[in-house]
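Protein chains in written order, with my numbering: chain A, 1442 to 1874; chain B, 1442 to 1874.
For each residue, glycine too, the CB sits at the ideal point set by N, CA and C.
Just so it is clear, the structure is predicted and the values come from calculations on it, not from any experiment.
Here's the structure we're looking at; comments come further down.
Number of protein chains: 2
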Amino acid sequence: MTPSPQPLGGLRIVEGASFVAGPSAGLALAQLGADVIRVDPPGGGSDFLRWPLSSTGDSLFWAGLNKGKRSVTIDHRTEQGRELLLALATAPGRGAGIFLDNMVGRHRLTYDELRARREDVIHVHLQGRSDGSPAVDYTINAEVGVPQMTGPQGVEQPVNHVLPAWDLLSGMVVASGILAALLHREREGQGAQLELALADVALAGVGNMGWLAEAEMRGGPRVRQGNHMYGSFGVDFETSDGRRLMVVALTEGQWRALRDVTETGAVFAALEQALGADLSQEGDRYRLRETIAAVLRPWFAQRDFGTVRELLERAKVLWSPYLDMAEAARAARADETSVAAEMDQPGIGPLLATGRPLRWAGTGAPPVPAPRLGEHTEGVLSDLLGLTSEEIGRLQDAGVVRVSGDGSQQSRRPSSPELPPGAPRQRGLPARA
Amino acid sequence: MTPSPQPLGGLRIVEGASFVAGPSAGLALAQLGADVIRVDPPGGGSDFLRWPLSSTGDSLFWAGLNKGKRSVTIDHRTEQGRELLLALATAPGRGAGIFLDNMVGRHRLTYDELRARREDVIHVHLQGRSDGSPAVDYTINAEVGVPQMTGPQGVEQPVNHVLPAWDLLSGMVVASGILAALLHREREGQGAQLELALADVALAGVGNMGWLAEAEMRGGPRVRQGNHMYGSFGVDFETSDGRRLMVVALTEGQWRALRDVTETGAVFAALEQALGADLSQEGDRYRLRETIAAVLRPWFAQRDFGTVRELLERAKVLWSPYLDMAEAARAARADETSVAAEMDQPGIGPLLATGRPLRWAGTGAPPVPAPRLGEHTEGVLSDLLGLTSEEIGRLQDAGVVRVSGDGSQQSRRPSSPELPPGAPRQRGLPARA
Chain A
1442 MTPSPQPLGG LRIVEGASFV AGPSAGLALA QLGADVIRVD PPGGGSDFLR WPLSSTGDSL
1502 FWAGLNKGKR SVTIDHRTEQ GRELLLALAT APGRGAGIFL DNMVGRHRLT YDELRARRED
1562 VIHVHLQGRS DGSPAVDYTI NAEVGVPQMT GPQGVEQPVN HVLPAWDLLS GMVVASGILA
1622 ALLHREREGQ GAQLELALAD VALAGVGNMG WLAEAEMRGG PRVRQGNHMY GSFGVDFETS
1682 DGRRLMVVAL TEGQWRALRD VTETGAVFAA LEQALGADLS QEGDRYRLRE TIAAVLRPWF
1742 AQRDFGTVRE LLERAKVLWS PYLDMAEAAR AARADETSVA AEMDQPGIGP LLATGRPLRW
1802 AGTGAPPVPA PRLGEHTEGV LSDLLGLTSE EIGRLQDAGV VRVSGDGSQQ SRRPSSPELP
1862 PGAPRQRGLP ARA
Chain B
1442 MTPSPQPLGG LRIVEGASFV AGPSAGLALA QLGADVIRVD PPGGGSDFLR WPLSSTGDSL
1502 FWAGLNKGKR SVTIDHRTEQ GRELLLALAT APGRGAGIFL DNMVGRHRLT YDELRARRED
1562 VIHVHLQGRS DGSPAVDYTI NAEVGVPQMT GPQGVEQPVN HVLPAWDLLS GMVVASGILA
1622 ALLHREREGQ GAQLELALAD VALAGVGNMG WLAEAEMRGG PRVRQGNHMY GSFGVDFETS
1682 DGRRLMVVAL TEGQWRALRD VTETGAVFAA LEQALGADLS QEGDRYRLRE TIAAVLRPWF
1742 AQRDFGTVRE LLERAKVLWS PYLDMAEAAR AARADETSVA AEMDQPGIGP LLATGRPLRW
1802 AGTGAPPVPA PRLGEHTEGV LSDLLGLTSE EIGRLQDAGV VRVSGDGSQQ SRRPSSPELP
1862 PGAPRQRGLP ARA
């Protein structure tokens, strides 16, 4: 494989963030070649032992979201620690002077004090709500109507989805905001003060798809549709051997492919006639979704998964098998072109990690291990701030920084009993089996 | 309000995309001040009537995702149309020469032919899978294990979430990729060929949170937990008047706040003793989630929503009410600082639309109407390519472009019968009621 281009080589971002959104912004930039320095208090931030944990008791979550970054531990609550952080965030360099902060309701460092040190600093403040009050993905999602639309038909209560989608999305909004600010700085010489609230990302997300306007025009929320896709035809089917698949006919061509492979053309022509419908139109496919699904269901129920797969592939139907997370991991291992690959994570061991999905000049970027907590404290303070070993030693003695030892398992809680240590990996599931 | 900065003023992106991911990339860039020219075939792309529809039969989805762009209609399947598109995508300008394409399995225009016209062109090809085979959010999500983890406990079948999270996320990955490529071009003078597959974004998304590695170590998928948050404590509760809320105790401080306001400290201290647990640890809160929820539930069930809200707010508990989409719209209208605001969308009328969530120097960007389809064909061909009215007229006669008429309601399907025309808007719900 040709080495992946590092288009953001020369950039340096100081990341004072935790959990998903902030760290995933830094991850995306690191995967494009930026030097991302994650700063945590000695002992780790509040996400340092966030689940899922490995059988060694380390956080697979933390390891996944901090791949390819440098880790520095500084206690920003001390006067000296604040000073170090301020110096790091405003250190010279054309691609430096970028600070990401996700303290809730207040700042580790304010824009004004950063700017006093470096006029063109770029400061991003990420938080739950724009008024400074706390909120997380799990609370925000409840407020934007999604759990009332998710889940099986007939369920009365809200159904949370497990994916922290607003966190992931906010992370990429932050990454694009930093890049926009850098581009602006390259062109105009000015810094920028950016702020982003998860709550605003979520409301804009549902608003951009027209969901807010729809609810107002409808005079109430859209009703829950189970696994049916909204506004066109798409739903899950079960094969004779109990496998489930998601089948979608979003466009007219996809609808024709599905109808033809299931040899239901005459049935649907008669139905269109009887019901005054035109199933080439997505709206009519949606209105008649239950009827369409009922007509198609026996075709799937009469065939095993292998047969269904072969016929759907040949007919170019748009579909996917449902895979559980372990099956998804196996499929990824069986696929040489996958964005996931085995990687040796220091402190944990070999694990399946994911690289950069964006391909640049034909290549992605393979996963790179996360640092041990505090691994780069000494190097960063020495290289970027010119501190001597003695100065760093004194800071360590004063509890301001910690240069090593944070990566040890001491004082950790035992790992989840749900995780058997050394459970064997299963391999070899074909990519779409 | 001070006018919002336009940090990407001077940029021009030609967007040949449809549905969510590609258009949401263009939307994010347009909301930062870029000139985004969406190119569709005459009559509209395959998402032109995507649901939700307004009571006028227009797509609220299309209007939401194309806010603030220019719209040009060119039939790229004709020789002359391809030539026009090529010329637009490679037109001169320091911030121009950027083309986003999401044709499945092939290209509207290849990188090589674009580059032959403009050496430093930036080309992004967005598709379902990296091998060119089609996939959409709804099929991809089935393959990455999420529907097996979503939904009420006890449900056996996969539960799709309704939010096209991978689409939204892919859009922001594209936006950040374009900005990274522009920054790289500013600094190095080189263009870039970028490719992104939804399937890779989804796999990287679950991988980055450690979910793939966890499933392998566990030897199987994580089991479904209903509305419980994974790895810490968070679940929904019902008040005496039937309102539901999501309550989260992710950090130790949040746990203390919840325990104290519900006056359950002694109960949990006794439980910790009896069960050998330490509820200040998120792992123990997760393991004992059912017990914790059962202890707390009566407190919520004995109080009405107003009382619960007041007590939780005062105690700084992390929580949100569940709002359905209509309630979310009302709350947004009642909140003067909301990213959502009423906007007059030509062809549809006043509706609740959303602006830019990212605040720059203290201000967001209010929503700007979407164009009528083809509204800017004549202006763009004239201004950017120097075509005369006569030349444009000949192209229109040949069916290559259409300068007007696409915005009319003729030949449209009737709007959804589920949408009562002119349903009154309800206002005045307090922001967090």
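Compare the C-beta of B/Arg1491 with all C-beta atoms of chain A and state if any pair is closer than 8 angstroms.
Taking the second sequence and counting its residues from 1, one reaches residue 1491 of chain B at position 50. Output row for B/Arg1491: interface = yes.
Does DSSP put A/Thr1748 in a helix, in a strand, or in coil?
Counting from 1 along the first sequence, the entry for residue 1748 of chain A is found at position 307. Of the three classes helix, strand and coil, the one that applies to A/Thr1748 here is helix, per DSSP.
Please state whether DSSP places B/Gln1472 in a helix, a strand or coil.
Mapped onto the second sequence, residue 1472 of chain B falls at position 31. Note: B/Gln1472 maps to coil in three-state DSSP.
Where DSSP assigns a beta bridge to A/Glu1456, which residues make up the other side?
Here residue 1456 of chain A refers to the residue found at position 15 of the first sequence. Answer is A/Arg1479 and A/Leu1541.
Going by alpha carbons, who is nearest to B/Pro1493 out of B/Phe1460, B/Glu1554 and B/Asn1543?
Position 52 of the second sequence, counted from the start, is the residue given in the question as residue 1493 of chain B. It is B/Phe1460.
Around the Cβ of A/Asp1847, are there at least 16 other Cβ atoms within 10 angstroms (buried) or fewer (exposed)?
Indexing the first sequence from 1 puts residue 1847 of chain A at position 406. No answer about A/Asp1847 holds up, because its pLDDT of 49 lies below 50 and its placement is not dependable.
Which residues, in chain order, does the region 1551 to 1564 of chain A contribute to contact with chain B at a C-beta distance below 8 angstroms?
Cβ contacts with chain B: none found.
Just to confirm my understanding: we take A/Val1642, look at its own chain, exclude 5 residues before and 5 after, and list those with CB closer than 8 angstroms. What are they?
Translated into the one-based positions of the first sequence, residue 1642 of chain A becomes position 201. Cβ neighbours of A/Val1642 beyond the five flanking positions: Trp1607, Leu1610, Ser1611 and Val1614.
What residues in the region 1636 to 1654 of chain B bring their beta carbon closer than 8 angstroms to a beta carbon of chain A?
Answer set for the region 1636 to 1654 of chain B: Glu1636, Leu1637, Ala1638, Asp1641, Val1642, Leu1644, Ala1645, Gly1646, Val1647, Gly1648, Asn1649, Met1650, Gly1651, Trp1652, Leu1653 and Ala1654.
Can you find a CB in chain A that lies within less than 8 angstroms of the CB of B/Gly1581?
Along the second sequence, one-based indexing puts residue 1581 of chain B at 140. Just to set this straight, residue 1581 of chain B is Ile in the shown sequence, not Gly. Interface residue, yes.
Taking only runs that begin and end inside the region 1601 to 1642 of chain A, name each unbroken alpha helix (DSSP H) of 4 or more residues, in chain order.
Segments of the alpha helix (DSSP H) lying fully in the region 1601 to 1642 of chain A: 1606 to 1629.
Among the candidates B/Ala1504, B/Ala1621, B/Gln1666 and B/Ser1500, whose CA atom is the shortest distance from the CA of B/Leu1468?
By 1-based counting over the second sequence, the position of residue 1468 of chain B is 27. For B/Leu1468, the nearest C-alpha among the options comes from B/Ala1504.
Based on Cα-Cα distance, which residue from A/Phe1741, A/Val1562, A/Val1565 and A/Gly1827 lies nearest to A/Glu1704?
The residue you call residue 1704 of chain A lines up with position 263 of the first sequence. Per the Cα distances, A/Phe1741.
Using a beta-carbon distance below 8 angstroms, is A/Thr1591 in contact with chain B?
Locating residue 1591 of chain A in the first sequence gives position 150, counting from the first residue. At least one chain B Cβ lies under 8 angstroms of A/Thr1591.
B/Ile1515 bridges to which residues according to DSSP?
Against the second sequence, residue 1515 of chain B aligns to sequence position 74. Bridge partners of B/Ile1515: B/Val1842.
B/Phe1678 by DSSP, collapsed to three states: which one?
Within the second sequence, the letter at position 237 stands for residue 1678 of chain B. In this structure, B/Phe1678 counts as strand in the three-state DSSP scheme.
To the nearest angstrom, how far is it from the Cα of B/Asn1601 to the Cα of A/Gly1592?
Against the second sequence, residue 1601 of chain B aligns to sequence position 160. Against the first sequence, residue 1592 of chain A aligns to sequence position 151. Straight-line Cα distance between these residues: approximately 7 angstroms.
Starting from the beta carbon of B/Gln1594, find every residue of chain A whose beta carbon is closer than 9 angstroms, and list them in chain order.
Residue numbering aside, residue 1594 of chain B sits at position 153 when the second sequence is read from its first letter. Residues of chain A passing the Cβ test: none, with the nearest at roughly 11 angstroms.
Compare the C-beta of A/Phe1502 with all C-beta atoms of chain B and state if any pair is closer than 8 angstroms.
Working through the first sequence from its first residue, we reach residue 1502 of chain A at position 61. A/Phe1502 counts as touching chain B.
Hey, is B/Leu1870's beta-carbon within less than 8 angstroms of any beta-carbon in chain A?
Counting from one through the second sequence, the residue named residue 1870 of chain B turns up at place 429. At B/Leu1870 the pLDDT is 36, less than 50, meaning the model places this residue with poor confidence; the figure from the coordinates comes in the next sentence. By this cut-off, B/Leu1870 is not an interface position.
Less than 7 angstroms between C-beta atoms, sequence neighbours within five positions excluded: which residues of the same chain meet that for A/Val1780?
Walking along the first sequence from the start, residue 1780 of chain A turns up at place 339. The residues are Thr1795, Gly1796, Pro1798 and Gly1805.
Using CA atoms only, rank isn't needed, just tell me which of A/Pro1662, A/Arg1750 and A/Val1455 is closest to A/Val1565.
Residue mapping note: residue 1565 of chain A aligns to position 124 of the first sequence, counting from 1. Residue A/Val1455 is the option with its Cα nearest to A/Val1565.
Check the Cβ-Cβ distances between B/Arg1853 and every residue of chain A, and say whether any is below 8 angstroms.
Here residue 1853 of chain B is taken as the residue at index 412 of the second sequence, counted from 1. No answer about B/Arg1853 holds up, because its pLDDT of 44 lies below 50 and its placement is not dependable.
Starting from the Cα of A/Asp1542, find the closest Cα among A/Thr1519, A/Gly1534, A/Gly1569 and A/Pro1533 and give me that residue.
As a position in the first sequence, residue 1542 of chain A is number 101, starting the count at 1. The shortest C-alpha separation from A/Asp1542 is found at A/Gly1569.
Identify every residue that forms a DSSP beta bridge with A/Pro1807.
Here residue 1807 of chain A is taken as the residue at index 366 of the first sequence, counted from 1. Answer by DSSP bridge pairing: none, since A/Pro1807 is not bridged.
Go to B/Gly1790, then tell me how far its beta strand (DSSP E) extends in each direction, as first and last residue.
In the second sequence, the residue the question calls residue 1790 of chain B occupies position 349. Per DSSP, B/Gly1790 belongs to the beta strand (DSSP E) from Gly1790 to Thr1795.
Could you give the residue range of the alpha helix (DSSP H) that holds A/Glu1520?
Position 79 of the first sequence, counting from 1, holds the residue named residue 1520 of chain A. Here the alpha helix (DSSP H) through A/Glu1520 covers Glu1520 to Ala1530.
Tell me whether A/Ser1879 sits in a helix, a strand or coil according to DSSP, three-state version.
Here chain A comprises residues numbered 1442 to 1874, so residue 1879 of chain A is not present and cannot be evaluated.
What does A/Leu1759 pair with, by DSSP beta-bridge criteria?
As a position in the first sequence, residue 1759 of chain A is number 318, starting the count at 1. Answer is A/Val1689, bridged to A/Leu1759.
Under 8 angstroms: do the region 1782 to 1789 of chain A and the region 1620 to 1636 of chain B share three or more Cβ pairs, one atom per stretch?
Judged by Cβ distances under 8 angstroms, the region 1782 to 1789 of chain A makes no contact with the region 1620 to 1636 of chain B, as fewer than three pairs qualify.
Just curious, the alpha helix (DSSP H) that B/Met1766 is in, first and last residue?
Position 325 of the second sequence, counted from the start, is the residue given in the question as residue 1766 of chain B. Unbroken alpha helix (DSSP H) run through B/Met1766: Met1766 to Ala1775.
Under the DSSP definition of a beta bridge, which residues are partnered with B/Ala1782?
The residue given as residue 1782 of chain B occupies position 341 in the second sequence. B/Ala1782 pairs with B/Ala1794.
I want to see whether chain B comes within less than 8 angstroms of A/Asn1408, judged by CB atoms only; does it?
Because chain A here runs from 1442 to 1874, residue 1408 of chain A falls outside it and cannot be looked at.
Just verifying my parser: in three-state terms, what is the DSSP assignment at B/Trp1801?
Here the question's residue 1801 of chain B lines up with position 360 in the second sequence. It is a strand residue.
Let's see if you can read the secondary structure: which residues bound the alpha helix (DSSP H) around A/Gln1722?
As a working note, residue 1722 of chain A is residue 281 in the first sequence. Where A/Gln1722 is concerned, there is no enclosing alpha helix (DSSP H), given that its DSSP letter is neither H nor E.
In whole angstroms, what separates the C-alpha of A/Leu1712 from that of B/Glu1560?
Counting from 1 along the first sequence, the entry for residue 1712 of chain A is found at position 271. Counting from 1 along the second sequence, the entry for residue 1560 of chain B is found at position 119. Cα-Cα distance, rounded: 55 angstroms.
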